[in-house]
Amino acid sequence: MVHKLLIPVVICVGVFGGGFVAGMPASTNEYFPIRPPRPPLDNFVAGDPLTEEEFHSDISSKSGEMELDHSSLWDNQHPELHEGDVMLTSAKNAILGTVGLWPNATIPYVISSNYTSAQRQVIASVMNTYRNKTCLRFVPRTTQANYIRIKKSGQGCWSYVGRIGGAQDVSLDDGCIASWAPGVVIHELMHTAGFWHEHMRPDRDKYVSINLNNVRQQYRGNFNKMSTTQVTTLGLGYDYGSVMHYPAGAFAIDRSIPVIKALIGSPTLGQRKGFSTLDLQKLRKLYNCKTCYFFYDGHDAFMGIDIWHSIHLFCLA
Ligand SMILES: [Zn+2]
1 MVHKLLIPVV
11 ICVGVFGGGF
21 VAGMPASTNE
31 YFPIRPPRPP
41 LDNFVAGDPL
51 TEEEFHSDIS
61 SKSGEMELDH
71 SSLWDNQHPE
81 LHEGDVMLTS
91 AKNAILGTVG
101 LWPNATIPYV
111 ISSNYTSAQR
121 QVIASVMNTY
131 RNKTCLRFVP
141 RTTQANYIRI
151 KKSGQGCWSY
161 VGRIGGAQDV
171 SLDDGCIASW
181 APGVVIHELM
191 HTAGFWHEHM
201 RPDRDKYVSI
211 NLNNVRQQYR
221 GNFNKMSTTQ
231 VTTLGLGYDY
241 GSVMHYPAGA
251 FAIDRSIPVI
261 KALIGSPTLG
271 QRKGFSTLDL
281 QKLRKLYNCK
291 TCYFFYDGHD
301 AFMGIDIWHS
311 IHLFCLA
């Protein structure tokens, strides 16, 4: 049972391609005293819904197609996050309750016409992974009032956290959509589903240390720790391997010195290959996904044909 919710708020926004654009709503965030205007919402041209064929794209065979520098993935993905936009939704009192969840675990989407077929395949393949491994469903929007608009904003990769009501954008620029790192798209859509970054958990100090001295002041808010009144861990463990975890060198001034250090073992932080086992468990728990099995309690043969006596349906959380 989910008592509290991980809240709808803007989280990932950033610099992409060298130019700074932020475009977040105004707030009194101390980290971002000068706040750029919110991006216009009226420049969206919808493309065709993703097809079942695209859902089943084998993107693993397309490694290297995107011509992206692997080492620069982080810079493209999360050059900076506007933690201060927590202000946006705390004002809506959406911290607790089910406001930020997507009813029936269904997220209606429209996708911009501005994607190549290879990029559509990556996005569709990620949605298909959600479908196969969780009960979340991305469905083409028809008349739903609440839905996401997947688009290239020119601002990198970002999403709101959870459902905020009405049309809400998910920004997936060219640098966010690599067939060899579908975890970036997975990451943004986990924000959309309602998840914050793993290192912001209330219990994170038991698992990681954060060296803020190696982070420019304006980015330090990205390492804030959230309180138990703001978010829930769902009773599931801290996950160094989460697709929602920052890498060790996130926002480092001196890249030879880690910003995030694991306190237990020496795990790799910040993988973007795909869901971790715990990521899936958390999604399934937040959305109360169940795995159901049919079975029958016996059968007889009549004239050589099996007759099912009774069919049972069992569902496990
Ligand atoms: Zn993020």
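Residue numbers (UniProt numbering): 1 to 317. For every residue, glycine included, the Cβ atom is placed at its ideal position computed from N, Cα and C.
Within 10 Å of its beta-carbon, does residue i have 16 or more other beta-carbons around it, so buried, or fewer, so exposed?
i, result
"I111", "buried"
"L212", "exposed"
"L263", "exposed"
"K290", "exposed"
"G100", "buried"
"S276", "buried"
"D254", "exposed"
"P267", "exposed"
"G221", "buried"
"S209", "exposed"
So residue i packs on residue j, CB below 8 Å; how close in whole Å?
i, j, result
"M244", "F314", "The pair is not a contact, with the Cβ atoms about 31 Å apart (cut-off 8 Å)."
"residue 392", "H187", "The question about residue 392 has no answer here: the residues shown for the chain are numbered 1 through 317."
"V126", "P182", "5 Å"
"Y246", "G270", "6 Å"
Please report the straight-line C-alpha distance between residue i and residue j, rounded to a whole angstrom.
i, j, result
"V184", "C176", "6 Å"
"N146", "P49", "17 Å"
"T229", "S117", "43 Å"
"D306", "C292", "23 Å"
"N132", "N214", "40 Å"
"K152", "S113", "10 Å"
"N104", "M303", "44 Å"
"G162", "R204", "21 Å"
"V231", "P202", "8 Å"
"I123", "L189", "10 Å"
"W102", "A193", "7 Å"
"L136", "D58", "20 Å"
"Q144", "R216", "42 Å"
"A248", "C157", "19 Å"
"Y109", "R141", "5 Å"
"S227", "Y130", "28 Å"
"H199", "G154", "26 Å"
"Y219", "G265", "27 Å"
"Y240", "N224", "17 Å"
"T28", "Y115", "Because the pLDDT at T28 is just 26, under 50, the model does not fix this residue reliably, and the point stays unresolved."
"H191", "I107", "12 Å"
Among residues of its own chain, excluding the 5 on either side of residue i, which ones have a beta-carbon nearer than 7 Å to its beta-carbon?
i, result
"E53", "none"
"N43", "none"
"H56", "N128"
"L236", "L278, Q281, K282 and K285"
"Q121", "E54, S57 and I59"
Excluding the 5 residues preceding and the 5 following residue i in the sequence, name in chain order all residues of the same chain whose CB lies nearer than 6 Å to its CB.
i, result
"I257", "N214"
"D279", "S242 and V243"
"A250", "V259"
"R149", "F44, V110, A167 and D169"
"Y238", "Y207"
"A46", "V110"
"Q119", "I177"
"A252", "N214 and V259"
"K261", "S209"
Leaving aside the five residues before and after residue i along the sequence, list all residues of the same chain whose C-beta is less than 8 Å from its C-beta, in chain order.
i, result
"T134", "A105, L280, L283, R284, Y287 and C289"
"T51", "A124"
"D69", "Because the pLDDT of D69 is 34, which lies under 50, any placement of that residue in the model is unreliable, and the question is left without a value."
"T233", "R201, P202 and D203"
message: Just to confirm the assignment: which complete alpha helix (DSSP H) runs, minimum length 4, are found wholly within the region 96-168?
response: 117-133
task: Give, in chain order, every unbroken run of the beta strand (DSSP E) that is at least 3 residues long and sits entirely within the region 213-297.
output: 260-262 and 291-296
- request: Note down, one range per segment and in chain order, each beta strand (DSSP E) of at least 3 residues found wholly within the region 169-217.
  value: 208-210
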